[in-house]
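Participant: Numbering (the numbering used here), first residue to last: 441 to 925.
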Amino acid sequence: MADARLIIASNRLPFTVVDSNGRLELKASAGGLVTGLSAYLDSLQHSAFTNLVEYVWLGWPGASIDDEHKDGIKEVAATRFNAYPVFVQEETMEAFYHGFCNKTIWPLFHYFPSYVVYESESWESYREVNQYFCDAIMEVLRPSDILWIHDYHLMLLPRMIRQSMPDVPIGFFLHIPFPSFELFRLLPKKWAAGILEGLLGADLIGFHTHDYTQYFLRSVLRILGIEANMGQMFVDGRMVQADTFPMGIDFHRFNDAVVSKETEMERERLKNTLSDFKTIISVDRLDYSKGVLNRLEGFELFLKDNPQWHKKVVLLLVIVPSRIGVDRYQTIKTQIDQMVGNINGRFGTFNWMPIIYKYGHVPFHQLVALYNMSDVALITPLRDGMNLVSKEYVASRKDATGVLILSELAGASKELVEAVLINPNDRGEIAIAIKNALEMPLEEQKSRIEKMQSRLKKYDVVKWATDFIDELKDVKEGQSRFRTR
Ligand code: G6P
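Quick look at the structure:
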């Protein structure tokens with residue numbers, strides 16, 4: 441495969457087009473998928489070990505674009521990002537992205553069944569947008585390419601491509617949890633079967649944890665009657681593999697940035713306000729699945745039970761705006777605002793507020809400075825496919841001090857076993873974990889962080905993607921051996 445190019449398809453591109461007073465601007469996108477893939481694609485440019493140096497990234501530009509601006513966006517996308525925008529009309533995107541993706545799949549796959557909306561129109565737009573992606577991909581895809589499709593927005597796409605180009609290697613990676621069969625079966629049968637058949641159009645289907653892989657295989661068996669042996673299934677005479685690939689981070693980007701001038705400046709600036717306190721960092725995209733309310737309740741209980749810590753500790757709460765077009769996200773934002781206000785009003789004094797709250801994007805070096813200065817990271821999702829923030833915090837602890845408190849319901853808890861693991865539904869456990877973390881002896885902090893760092897260094901994002909692509913090639917080779925026999 442000397443001239444194989446890597447074609448990436450994901451709903452979100454590394455940039456998002458925003459309208460700023462009538463002028464279109466490109467802003468960096470947020471979220472684990474974009475951060476991780478960008479780091480991998482950058483590394484390809486500098487690697488001597490792969491022939492996959494050329495890539496094209498297809499995705500939605502983040503807004504509906506007028507015809508007159510499409511060519512301009514296409515050109516900037518290609519020259520600055522190697523990207524190929526898939527333009528979708530506003531109403532269709534609304535029903536797809538704010539509808540089926542984020543009102544049906546997202547809450548169901550994150551174990552919020554009571555939040556799930558079942559609307560046949562939004563299922564139709566899900567199919568329609570997957571078809572748009574298929575059409576756009578067919579404009580660029582060559583038989584010698586490798587296609588890697590990402591995440592829950594595009595689960596019908598592998599099969600659509602397979603029907604148009606039967607032999608091209610197709611990989612699919614799911615960045616969110618795959619739920620247990622009991623949850624998945626809540627979907628109308630036609631949708632559930634459509635999603636599984638869509639995914640099985642790929643040659644390799646990857647998940648963050650062993651559990652998600654098993655849940656997927658169970659659903660394939662119960663709904664489609666297809667059995668698997670060691671993750672291998674035969675689908676229309678073709679071998680398909682499901683496997684586990686826990687996504688890593690660009691460890692050195694964070695670790696090295698700690699000593700950069702920019703981070704140093706940020707740290708100095710932050711020290712002016714924070715040097716008198718121990719600090720606890722908490723960073724998330726706005727989402728009900730992130731368990732921010734539970735976290736705040738746990739922190740409140742900690743303050744109530746530990747007056748000796750008053751005026752000595754500050755929680756730095758960063759919430760990155762996300763999906764504000766979905767009602768549930770508006771609601772959770774209001775609830776967070778209120779709870780922060782209540783806690784600060786209840787415990788704050790004129791010279792100390794227990795919570796410093798920032799709702800907005802935080803630039804990279806400021807984020808690293810925050811991670812690096814914070815004695816504790818408090819990460820308590822109710823469900824999370826992986827959670828890369830926990831890994832970023834560990835990587836940013838250059839001197840190996842610091843304590844990570846992590847929910848056992850995040851995929852990352854399977855690897856970061858030296859974290860202080862908590863059940864996010866147990867406020868009492870969160871409160872005790874905060875106290876223990878703040879009082880943990882340095883020796884113990886170091887021994888925990890060092891173990892986690894060595895694991896994150898070894899299995900970083902480049903290793904994750906390389907493993908996936910290598911296994912995809914192996915599966916493809918296995919299929920041709922099977923055919924020639
Ligand atoms: C999660 C999903 C990604 C998504 C990101 C940001 O990490 O797995 O696919 O891109 O959230 O969400 P957004 O809706 O802004 O793309």
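Ideal placement from N, C-alpha and C gives every residue a C-beta, glycine not left out.
Note that the structure is predicted; figures quoted are calculated from it, not measured.
In the stretch 529 to 569, which residue ranges form an unbroken alpha helix (DSSP H) of at least 4 residues, counting only runs that do not cross its ends?
Facilitator: Within the stretch 529 to 569, the alpha helix (DSSP H) runs of at least 4 residues that lie entirely inside it are, in chain order, 530 to 533 and 546 to 549.
Participant: Going residue by residue through the stretch 623 to 672, where are the continuous alpha helix (DSSP H) segments of at least 4 residues, counting only ones entirely within it?
Facilitator: 629 to 639 and 650 to 659
Participant: Fully enclosed by the stretch 455 to 490, which beta strand (DSSP E) runs are 3 residues long or longer?
Facilitator: 455 to 460 and 463 to 468
Participant: According to DSSP, simplified to helix, strand and coil, what is residue 725?
Facilitator: strand
Participant: Between 469, 650 and 602, which has its C-alpha nearest residue 619's C-alpha?
Facilitator: Nearest C-alpha to residue 619: 650.
Participant: Along the alpha helix (DSSP H) that carries residue 691, what are the first and last residues, could you check?
Facilitator: 691 to 697
Participant: State the DSSP-derived secondary structure class of residue 862, mapped to helix, strand or coil.
Facilitator: strand
Participant: Considering only the beta carbon of each residue, do residue 596 and residue 634 sit closer than 8 Å?
Facilitator: yes
Participant: Using alpha carbons as the reference points, say which of 460, 555, 556 and 453 lies closest to residue 518.
Facilitator: When only C-alpha atoms are compared, the closest one is 453.
Participant: Which runs of the beta strand (DSSP E) spanning at least 3 residues fall entirely within the stretch 776 to 860, listed in chain order?
Facilitator: 795 to 799, 816 to 819 and 843 to 847
Participant: Ligand 1 and residue 451: does the residue's C-beta get closer than 7 Å to at least one heavy atom of that ligand?
Facilitator: yes
Participant: Taking only three categories from DSSP, how would you classify residue 505?
Facilitator: coil
Participant: Tell me whether residue 615, by its Cβ, gets closer than 7 Å to a heavy atom of ligand 1.
Facilitator: yes
Participant: Answer yes or no: the CB of residue 767 versus the heavy atoms of ligand 1, is any distance below 7 Å?
Facilitator: no
Participant: State the CB to CB distance for the pair residue 587 and residue 573, rounded to an integer number of angstroms; the pair is presumed to be in contact (CB under 8 Å).
Facilitator: 11 Å between Cβ atoms; not a contact.
Participant: Would you list the residues sitting across from residue 683 in a DSSP beta bridge?
Facilitator: BP columns for residue 683 point to 646.
Participant: Determine the extent of the beta strand (DSSP E) in which residue 760 is found, giving its start and end residues.
Facilitator: Counting along the chain, the beta strand (DSSP E) containing residue 760 begins and ends at 753 to 760.
Participant: Taking the alpha carbon of residue 503 as the reference point, which residue from 771, 533 and 731 has its own alpha carbon closest?
Facilitator: 533
Participant: Within this structure, are the beta carbons of residue 539 and residue 568 separated by less than 8 Å?
Facilitator: no
Participant: With 16 as the cutoff for other CB atoms within 10 Å, does residue 630 come out buried or exposed?
Facilitator: Label assigned to residue 630: exposed.
Participant: Quick one, which of 761, 731, 907 and 916 has its alpha-carbon nearest residue 850's?
Facilitator: That would be 731, whose Cα lies nearest to the Cα of residue 850.
Participant: Closer than 7 Å to a non-hydrogen atom of ligand 1 - does that hold for the CB of residue 714?
Facilitator: no
Participant: What does the alpha-carbon distance come out to for the pair residue 442 and residue 584?
Facilitator: Annotation note: pLDDT 49 at residue 442 (below 50); position unreliable, coordinate value reported separately. Rounded to the nearest angstrom, the two C-alpha atoms are 9 Å apart.
Participant: Which one of 868, 866 and 859 has the shortest CA to CA distance from residue 885?
Facilitator: 859
Participant: Any heavy atom of ligand 1 closer than 7 Å to the Cβ of residue 763?
Facilitator: yes
Participant: Less than 8 Å between the CB atoms is what I'm expecting for residue 711 and residue 752, so what's the real figure, rounded?
Facilitator: In fact, because the Cβ distance is near 16 Å, the residues do not count as touching under 8 Å.
Participant: Inspect the CB distances between the stretch 736 to 744 and the stretch 863 to 874 and report whether three or more fall short of 8 Å.
Facilitator: yes
Participant: Touching or not, the stretch 889 to 905 and the stretch 833 to 848, by the rule of three or more beta carbon pairs under 8 Å?
Facilitator: yes
Participant: Tell me the residue span of the alpha helix (DSSP H) that contains residue 871.
Facilitator: 867 to 878
Participant: Would you call residue 829 buried or exposed, if buried means 16 or more other Cβ atoms sit within 10 Å of its Cβ?
Facilitator: By the neighbour-count definition (other C-beta atoms within 10 Å, threshold 16), residue 829 is a buried residue.
Participant: Excluding the 5 residues flanking residue 455 on each side, which residues of the same chain have their C-beta closer than 7 Å to its C-beta?
Facilitator: So the list reads 466, 467, 468, 469 and 521, once near-sequence residues are dropped.
Participant: Do residue 929 and ligand 1 come close, with the Cβ less than 7 Å from some heavy atom?
Facilitator: No information on residue 929 is available, as it lies outside the stretch 441 to 925 that the chain covers here.
Participant: Residue 446 and residue 688: beta carbons closer than 8 Å?
Facilitator: no
Participant: I'd like to confirm the pairing. Which residues does DSSP put opposite residue 590 in its beta bridges?
Facilitator: 613.
Participant: For the alpha helix (DSSP H) holding residue 712, just list the boundary residues, first then last.
Facilitator: Per DSSP, the continuous alpha helix (DSSP H) segment holding residue 712 begins and ends at 701 to 714.
Participant: I'd like the list of long-range same chain contacts for residue 788, defined as Cβ closer than 7 Å, with 5 residues on each side in sequence excluded.
Facilitator: 794
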